[in-house]
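>
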Amino acid sequence: MLKTGILNPHVLSLLARFRHTNVLVIADRGFPSWPALETVDLSLIDDVPTVLQALAAIRQNCVVAEVYLAAEFRRVNSARTKQAFAAQLAGARVTYEPHVRFKRRVPGAIGLIRTGDTTPYANMILVSG
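Okay, so the sequence shown: first residue is 107 according to our numbering, each after it adds one.
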């Protein structure tokens, strides 16, 4: 029995396959679904859990070298929200791109973790280091 760390067996399975240069998506509650992409839905209620909570748990277990976010994230969110995301993403190369281009990367991911986050454009694509 696991005593600490990530307890969800489906998330653990994804992380076990999140190897060098692999891609994993953490999405907010409204992100479109891709039927062919393995999805672990952690959403419970609004903002439980958040994208940043999922990211914090993942970064304790994995090396994240690069992160993609939608350029629209910077336009619509507060300075406080942008600072919180920047702090969580410290040490990874961050690229902002139009949301349409961002979504084109999703089918290449090993999986998608859906959260209950209500932050606009909080979705992120992680690239393993």
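Glycine included, each C-beta is placed from N, C-alpha and C at the ideal position.
#1: Kindly confirm or deny that the stretch 138 to 151 and the stretch 224 to 233 touch, where touching means at least three C-beta pairs closer than 8 Å.
#2: Buried or exposed: Ala176, going by 16 or more other Cβ atoms within 10 Å of its Cβ?
#3: Less than 8 Å between the beta carbons of Glu48 and Thr201, yes or no?
#4: Distance, Cα to Cα, Gly214 vs Val129?
#5: Could you tell me if Asp152 is buried or exposed, where buried requires 16 or more neighbouring beta carbons within 10 angstroms of its beta carbon?
#6: Whole angstroms are fine: how far does the CA of Ser184 sit from the CA of Leu143?
#7: Within 10 angstroms of its Cβ, does Ala196 collect 16 or more other Cβ (buried), or is it exposed?
#8: For Gly235 and His126, I'd like the C-alpha separation in whole angstroms.
#9: Could you check whether Arg220 and Ala162 sit closer than 8 Å to each other, using their CB atoms as the reference points?
According to the data block:
#1: With a cut-off of 8 Å, the stretch 224 to 233 and the stretch 138 to 151 do not count as touching, because too few Cβ pairs lie within range.
#2: Per the 10 Å Cβ criterion, buried.
#3: The first residue shown for the chain is 107 and the last is 235, placing residue 48 beyond what the model contains.
#4: The C-alpha of Gly214 lies about 7 Å from the C-alpha of Val129.
#5: Counting the other Cβ atoms within 10 Å of the Cβ of Asp152 gives fewer than 16, which makes it exposed.
#6: A straight-line Cα-Cα distance of about 31 Å links Leu143 and Ser184.
#7: Counting of Cβ neighbours within 10 angstroms places Ala196 among the exposed residues, the total staying below 16.
#8: For Gly235 and His126, the distance between alpha carbons rounds to 5 Å.
#9: No, these two residues do not count as a Cβ contact at 8 Å.
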